[in-house]
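Have a look at the structure below, then the notes.
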Amino acid sequence: MSSCAEELIKELKEAIVNLDPDKAREVAEKALKQGIDIKLLINEGIGKAMQRVGELYEQGEYFLPELLLAGEAATEVLKALEPKLKAEVIKPKGVIVIGTVEGDLHDIGKNLVAMVLRANGFEVHDLGRDVPVKEFVKKAIEVDADIVAMSALLTTTMIKMRDVIEELKKAGIRDKVKVLVGGAPVTADFAREIGADGYAEDAIEAVRVAEELVRAKYGGKLRSEF
Ligand code: B12
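For the sequence shown, the working numbering begins at 28 and goes up steadily by one.
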C-alpha cells in the first residue's frame with residue numbers, strides 16, 4: 028500500500044471511530060479521487076473501523092448511540108463508494124435476493140455485500156433488515172432467484188437462517204435456489220450445519236462464492252453466459 032493510501036485509510040478509520048459521518052464521507056470521496064483501491068477502503072477502512080467500534084462497545088467506552096453514529100458514518104462511506112461501484116448490467120451473472128434475518132437490525136455488512144455483488148454483475152434484490160422468514164421465499168419465487176443470501180450479526184438471530192432454508196424446502200424450491208450466508212458470528216461450519224450451500228467471510232469473497240454457486244446451479248455456466 029502506498030503511504031498516501033495508508034494515510035487516507037487511517038483518516039477514514041479515525042473518522043468512523045470518532046463518530047464523524049461528514050468527515051468519513053469527505054475522506055472517502057478524497058480517497059476515490061486519488062484512485063485508492065475500493066477493496067482496501069472496504070476491508071481496511073470500514074471493516075477495521077467497525078471492528079474497533081465493537082471493541083470500544085465491549086469495553087464499555089461506547090454505548091448504543093455511539094454504535095448508531097458509527098453506523099451512520101460507515102453508511103456515508105458506502106454512499107460515496109456506490110457510484111464508483113455501479114456496473115451496467117445487461118445480462119446478470121445471477122439473480123440474488125439478500126436481506127438481514129428477522130430480529131436483526133444490523134445492515135452495514137449486508138449493504139456492503141449487496142453493493143459489491145451488484146458492482147460485479149449480479150442482479151440484487153435487497154429486502155433490507157429484520158426480514159421475516161417468509162419474505163425471503165416470496166421474493167425468491169417472484170424474481171426467480173438463483174441465490175438467497177442472508178446476513179446475521181447476532182448469535183440470537185443467526186438461527187433464523189435455518190428457518191429460511193426450511194421454508195424454501197416447504198415451498199418446493201430448495202433445489203432451485205442456492206443459499207449463501209454470512210455475518211460476523213456466522214462460520215463455514217455453521218453454514219454446513221444448517222444446510223446452506225455457501226459461506227463467505229467478506230464482501231469480496233461473497234462475489235467469488237456467489238459465482239461458484241451460480242455455476243454449480245447451471246452446470247458450470249453463469250446466467251449471463253447462456
Ligand atoms: C454498528 C453496530 C450496531 C448498530 C447497527 C447499525 C446498522 N445500521 O447496521 C446498532 C446500534 C443498531 C446495533 C444494535 C445492537 N447491537 Co450491534 N453492533 C454493531 C457493531 C459495532 C458493528 C457491526 C458492523 O456494522 N460491522 C461492519 C460490517 C462491515 O461488518 P459485518 O457486518 O461483519 O459484515 C461483513 C462480514 O460479516 C460479511 N457479511 C455480512 N453479511 C453478510 C451476508 C452474506 C450473504 C455474506 C456472504 C457475507 C456477509 O461481509 C461484510 C463485509 O465485509 C458490532 C461489533 C462488530 N465488531 O461487529 C456490534 C454487535 C454486532 N452488536 C451487538 C449487540 C449485542 C447489539 C444489541 C443487542 C445491543 C443492545 N443491547 O441493544 C443491538 C441489537 C439490535 C438488533 N435487534 O439487531 C453485539 C452482538 C453480540 C452477539 N454475538 O450476538 C456486537 C458484536 C457488539 C459486541 N461486541 O457486543 N449494533
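Even glycine gets a Cβ: it sits at the ideal position worked out from N, Cα and C.
- Contact between the stretch 100–112 and the stretch 73–92 is present: 3 or more CB-CB pairs across the two stretches fall below 8 angstroms.
- Taking the CA atoms as reference points, R156 sits about 20 angstroms from E193.
- About 13 angstroms separates the Cβ atoms of I69 and A32, ruling out a contact at the 8 angstroms cut-off.
- Note on geometry: alpha-carbon atoms of V175 and L181 lie some 19 angstroms from one another.
- Taking C-alpha positions only, T183 is separated from D47 by approximately 30 angstroms.
- Secondary structure of D153 (DSSP, three-state): strand.
- With contacts defined by Cβ atoms closer than 8 angstroms, V128 and K187 form a contacting pair.
- Counting only runs of 4+ residues, the alpha helix (DSSP H) found wholly inside the stretch 191–249 occupies 215–220 and 230–244, in chain order.
- Rounded to whole angstroms, the separation of the alpha carbons of K205 and A215 is 15 angstroms.
- Proximity to V241 across V122, S29, F163 and I231 peaks at V122, based on C-alpha coordinates.
- A51 places its beta carbon 8 angstroms or farther from that of L35.
- In the three-state reduction of the DSSP assignment, I174 falls in the strand class.
- For I135, the shortest C-beta to heavy atom distance toward ligand 1 is below 7 angstroms.
- Beta bridge pairing from DSSP links I125 with D153 and A176.
- With a cut-off of 7 angstroms, the C-beta of E85 is classified as near ligand 1, since at least one heavy atom of the ligand falls inside that distance.
- Around the CB of I135, 16 or more other CB atoms lie within 10 Å, so the residue is classed as buried.
- Of A211, D171, K196 and Y84, the smallest CA-CA separation from S178 is found for A211.
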